[in-house]
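Asks: I have a structure here, written as structure tokens, and I will follow up with some questions on it.
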Amino acid sequence: SFTKETLSGQRMLPTQEEVVAAGGGFTVPGGKNLVGWKLNGSDTVYPPGSAYNFTTDAAFTAVFGNTVTLNANGGKISSGGSAEDSYTFIVSDAPVSLAGYSNHTARTGYTLTGWKASETETYDGDKNIVPSEMSGDLTLQAQWEPKKYTVRLKVDESDSSVQEIKTTYDSSELSTVSY
Numbered sequence: 054s055f056t057k058e059t060l061s062g063q064r065m066l067p068t069q070e071e072v073v074a075a076g077g078g079f080t081v082p083g084g085k086n087l088v089g090w091k092l093n094g095s096d097t098v099y100p101p102g103s104a105y106n107f108t109t110d111a112a113f114t115a116v117f118g119n120t121v122t123l124n125a126n127g128g129k130i131s132s133g134g135s136a137e138d139s140y141t142f143i144v145s146d147a148p149v150s151l152a153g154y155s156n157h158t159a160r161t162g163y164t165l166t167g168w169k170a171s172e173t174e175t176y177d178g179d180k181n182i183v184p185s186e187m188s189g190d191l192t193l194q195a196q197w198e199p200k201k202y203t204v205r206l207k208v209d210e211s212d213s214s215v216q217e218i219k220t221t222y223d224s225s226e227l228s229t230v231s232y
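Residues in the sequence shown are numbered from 54 upward in steps of one, following the working numbering.
This is the structure in structure tokens:
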């Protein structure tokens with residue numbers, strides 16, 4: 054009774070707002086959102102509002118959780134063959150490790166040091182996000198440290214004097230070197 058027909062004859066699975074508006078005692082656990090519908094007997098979770106082609110009777114169970122958005126903060130996050138400025142995923146009933154996302158986040162000249170939700174709440178790249186600790190949706194900003202380099206300069210191959218400069222990727226020191 055909560056599905057609506059599309060032009061192709063498929064049915065759209067309801068959003069949280071549609072189900073709550075229809076009544077029937079549907080309640081959302083505090084601090085959570087309806088993040089999908091799990092087809093009973095399957096591990097497949099369909100997002101709210103997505104189309105499902107009913108070929109037989111089917112039962113769905115609501116999946117509650119929160120969304121986590123990773124903001125690359127000047128870098129890129131690779132997902133599914135493309136690199137994006139941010140990536141959003143669902144945390145429902147199992148901890149999610151940030152390690153996989155950290156391994157696919159890059160910024161030229163920088164090293165990812167972790168993720169930050171606020172000035173006081175940080176996550177290292179290996180930490181799990183545990184749903185029971187989340188009281189709502191979460192946005193994490195990538196934290197970067199400039200890579201460090203040592204540059205050695207000499208006038209020519211026969212010159213024994215070497216000027217050594219320790220610098221970072223974001224430094225302007227090399228543009229001011231004089232000999």
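Glycine included, every Cβ here is placed at the ideal spot set by N, Cα and C.
Just so you know, these numbers come straight off a predicted model, no measurement behind them.
Could you compute how far the alpha carbon of V204 sits from the alpha carbon of K219?
Replies: Spanning the two alpha carbons is a distance of roughly 6 Å.
Asks: Between the stretch 149 to 164 and the stretch 102 to 116, can you find at least three pairs of beta-carbon atoms closer than 8 Å?
Replies: The stretch 102 to 116 is not in contact with the stretch 149 to 164.
Asks: Among L206, T175 and T192, whose alpha-carbon lies nearest the alpha-carbon of E217?
Replies: Out of L206, T175 and T192, L206 has the C-alpha closest to the C-alpha of E217.
Asks: Using only CA atoms, which one of A125, Y140, T120 and W168 lies nearest to M187?
Replies: The option with the nearest alpha carbon to M187 is T120.
Asks: If we require 4 or more residues per run, which alpha helix (DSSP H) segments fall completely within the stretch 101 to 170?
Replies: The qualifying runs are 152 to 155.
Asks: For T122, is the classification buried or exposed, using 16 other Cβ atoms within 10 angstroms of its Cβ as the cut-off for buried?
Replies: When all chains shown are included, T122 counts as exposed.
Asks: Let me make sure I understand the geometry here. Which of L165, H157 and Q63 has the alpha-carbon closest to that of I130?
Replies: Closest by alpha carbon: H157.
Asks: Counting only the same chain and skipping the five closest in sequence on each side, list residues whose C-beta sits under 7 Å from that of N93.
Replies: The residues are A112, F113 and T114.
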